[in-house]
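Heads up: the structure comes next, in structure tokens.
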DNA sequence: AATGAATGAGAGTTCATTCAT
DNA sequence: CATGAATGAACTCTCATTCAT
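Chains as they are written, first to last, in my numbering: chain A, 1 to 185; chain B, 1001 to 1185; chain C, 2001 to 2185; chain D, 3001 to 3185.
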């Protein structure tokens, strides 16, 4: 019966359901039922269904936006880029459900007025990592480094092995790709 | 007024719209209007909305399933795996809209009785590529090789450069990852 | 593959389904599927769905209508009435599925342009059996005699016992009621 | 604009229409229009169309179920049975529209998950009235007693005469049949 | 801070029916 | 004698949203 945190609880439950079933397939009725309130109560806290999602995004994409903003102010060196990968992996880890949701519901999220889309953020990120005058093969390596982190965050769950070990191995491969790209230059 | 090909036309239009807007957000009314037939006509050709999607899947995932089936009968050698990567890249290219749809609508597709899901196919594929007793870092490399092909197929479109060149570079990086994984053993 | 009897086969299958599920809940698709023809084929033989039902009725209610017509020309004696009960029981037996259908779908049949309704025929029949200047109690007995035959035809199936024996007992009770009504006068 | 009784008003209007036109032929649009609300309003009060019917049944078949329950605890004597007939006639009278609906829509009701069906209740009732080791002719008399009450309730309306008088006469004939069945033993 | 009652729009689906072939 | 393809109207049902209380 904690009070005053209903807004937060709505977002938590909503993200769970959105991630599990998708945004469109999740109805406000469902969210309300899980919270044991009425649908109308949701409208006290959020103006629309989309607003619930926007609220979630704002809380959870901030780390990623901050990372992009930070990187944009750093020198475009290998060291910076290594640090970007490290920080990005942490961001993925911290907001795993949201990232999973964003990846699995791109088609939906694309239409929403939710600021930058997943793809746009990804473009910004890869733009920071890769160097336009690298050979194409090395640009691919840079992009691949990012996707490797994603694979590590979302797909590697399905593969047996210690979670921490997979985490470290993933980062190692990503850094390796980055280093190869830079080494070739 | 071409006749006899309505079924195919429905699938084509549907895939376009599904890919563009997502499965749930695309209504049968929309599909019907674009084809200039009534909703009921769709039901002459498909039993349900889901059936339309299933029809599309059956046509387009066959290459991927055949690839998996083929690979399962080959010796688990580096050469086989290289060939898997090559063929997979071709499959991705041939059924690009569907793969894009699958990736961007995983949340939706997951609930559909559409045979193997995207994830299951991916698991099968990575299962063929990686060797369970490799070091974790090399297993990640194998998985990453597959994801690199995906990145090449879907994400690299957003990066300037000649299409064929990107295609070759993508394959090169993927093969490279595979070779590194095997070289380490 | 008998030919030329398709019309009859449609009626047979339709009556089966109508009796089992009701008229409204039985679709032409269902009828067609059971016959392994297309819906359109039904329209070669019958102008509308209602026409199928009308066709069935015409074939099967004729005995009942003939019985009423016959009785109307007979003297209004006890003997005539006994004979009416006997013949009615035979009619019920001969067209059991139709009568069952009529009883269980009165609400539907009532709206159809199917000549006299079940209720109207029943009224005609009881009008022949009862004498308006009998005491009310004896009029009830006459009506009850008819309903007893119905009970025998439709409800007594659910009670264990030899079918022929139930048949005879039913008639006996009905005749008994009739006799009591007349005896009291 | 009376409020708070919408649920009840829906059931009332629905039963009227169901009885008049049958369950299937009555659309929610019709019910809603007659109440001057939208279709969606019906769904605020009932989960499905069937639920409306179930609600009606629960309210109105309770007397019949209570009667059966009561009778099952009484000694299986003639007196009990006489009382069953008396009470059943009252139950029929109290829930006349529902009983009429049940009789005229058996085909529909049979498929609904509406607890015991009409037929099952009838079987329970006749099971209480008749004695399995009676002669068949006397078992028929017992069943006929029940059907006589039905005839009295639904069919006798069509016959001229004072309503109360018909009511009494109907009960008398039913009791008579019961007594004859027991007297013969 | 939240509810009860309702709405308007639209969804997917089914049906009887038509007609050129 | 029958089919393949299609339609128009209706259906049940769900959803996001509103608002007086």
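Quick reminder that beta carbons are idealized off the backbone N, C-alpha and C, glycines included.
Computed from a predicted model, the values in this text were never measured in an experiment.
So, with DSSP's three-state summary, where would you put residue i?
i: residue 2177 (chain C); result: helix
i: residue 2025 (chain C); result: coil
i: residue 112 (chain A); result: coil
i: residue 1016 (chain B); result: helix
i: residue 3047 (chain D); result: coil
i: residue 6 (chain A); result: helix
i: residue 1126 (chain B); result: helix
i: residue 3148 (chain D); result: helix
i: residue 2132 (chain C); result: coil
i: residue 1059 (chain B); result: helix
i: residue 84 (chain A); result: helix
i: residue 160 (chain A); result: coil
i: residue 1184 (chain B); result: coil
i: residue 3076 (chain D); result: coil
i: residue 1001 (chain B); result: Caution is warranted here: a pLDDT of 39 is assigned to residue 1001 (chain B), below 50, making its placement in the model unreliable, and no coordinate value can be reported.
i: residue 1137 (chain B); result: helix
i: residue 187 (chain A); result: Because chain A in this structure spans residues 1 to 185, residue 187 (chain A) falls outside the shown range and cannot be described.
i: residue 1165 (chain B); result: helix
i: residue 1069 (chain B); result: helix
i: residue 1107 (chain B); result: helix
With distance defined between alpha-carbon atoms, name the residue in the options nearest to residue i.
i: residue 1183 (chain B); options: B:1138, B:1035 and B:1072; result: B:1138
i: residue 3009 (chain D); options: D:3046, D:3025 and D:3070; result: D:3046
i: residue 1089 (chain B); options: B:1030, B:1064 and B:1160; result: B:1064
i: residue 12 (chain A); options: A:38, A:128, A:40 and A:60; result: A:60
i: residue 2131 (chain C); options: C:2155, C:2122 and C:2076; result: C:2076
i: residue 1024 (chain B); options: B:1035, B:1125 and B:1052; result: B:1052
i: residue 3123 (chain D); options: C:2086, C:2005, C:2157 and C:2169; result: C:2157
i: residue 1129 (chain B); options: B:1080, B:1034 and B:1007; result: B:1080
i: residue 159 (chain A); options: B:1120, B:1005, B:1168 and B:1173; result: B:1120
i: residue 2149 (chain C); options: C:2087, C:2035 and C:2179; result: C:2087
Taking the Cβ atom as the reference point for each residue, do residue i and residue j lie within a distance shorter than 8 Å?
i: residue 3192 (chain D); j: residue 3134 (chain D); result: Since the displayed chain D opens at 3001 and closes at 3185, residue 3192 (chain D) lies outside it and no answer follows.
i: residue 3091 (chain D); j: residue 3067 (chain D); result: yes
i: residue 3141 (chain D); j: residue 3171 (chain D); result: no
i: residue 2058 (chain C); j: residue 2112 (chain C); result: no
i: residue 2071 (chain C); j: residue 2084 (chain C); result: yes
i: residue 2136 (chain C); j: residue 3030 (chain D); result: no
i: residue 3175 (chain D); j: residue 3082 (chain D); result: yes
Am I right that residue i and residue j are in contact with their C-beta atoms under 8 Å? What's the rounded C-beta distance?
i: residue 97 (chain A); j: residue 151 (chain A); result: With 8 Å as the limit, residue 97 (chain A) and residue 151 (chain A) do not qualify as a contact, their Cβ atoms being about 17 Å apart.
i: residue 2042 (chain C); j: residue 2028 (chain C); result: 6 Å
i: residue 1054 (chain B); j: residue 1014 (chain B); result: Going by Cβ atoms, the distance from residue 1054 (chain B) to residue 1014 (chain B) rounds to 11 Å, so no, they are not a contact pair.
i: residue 2022 (chain C); j: residue 2117 (chain C); result: Residue 2022 (chain C) to residue 2117 (chain C), Cβ: 16 Å. No contact.
Assign residue i to one of two classes, buried (16 or more other C-beta atoms within 10 Å of its C-beta) or exposed (fewer than that).
i: residue 3106 (chain D); result: buried
i: residue 2144 (chain C); result: buried
i: residue 1104 (chain B); result: buried
i: residue 1062 (chain B); result: exposed
i: residue 44 (chain A); result: exposed
i: residue 2161 (chain C); result: exposed
i: residue 40 (chain A); result: exposed
i: residue 1186 (chain B); result: Given a span of 1001 to 1185 for chain B in the structure shown, any question on residue 1186 (chain B) remains unanswerable.
i: residue 3048 (chain D); result: exposed
i: residue 1069 (chain B); result: exposed
i: residue 2001 (chain C); result: At residue 2001 (chain C), the pLDDT of 41 sits below 50, so the modelled position is not reliable and the matter cannot be decided from this model.
i: residue 126 (chain A); result: buried
i: residue 1038 (chain B); result: exposed
May I ask you to check if the CB of residue i is nearer than 7 Å to at least one heavy atom of the ligand SAH?
i: residue 1124 (chain B); result: Ligands displayed in this structure: none; no statement on the ligand SAH is therefore possible.
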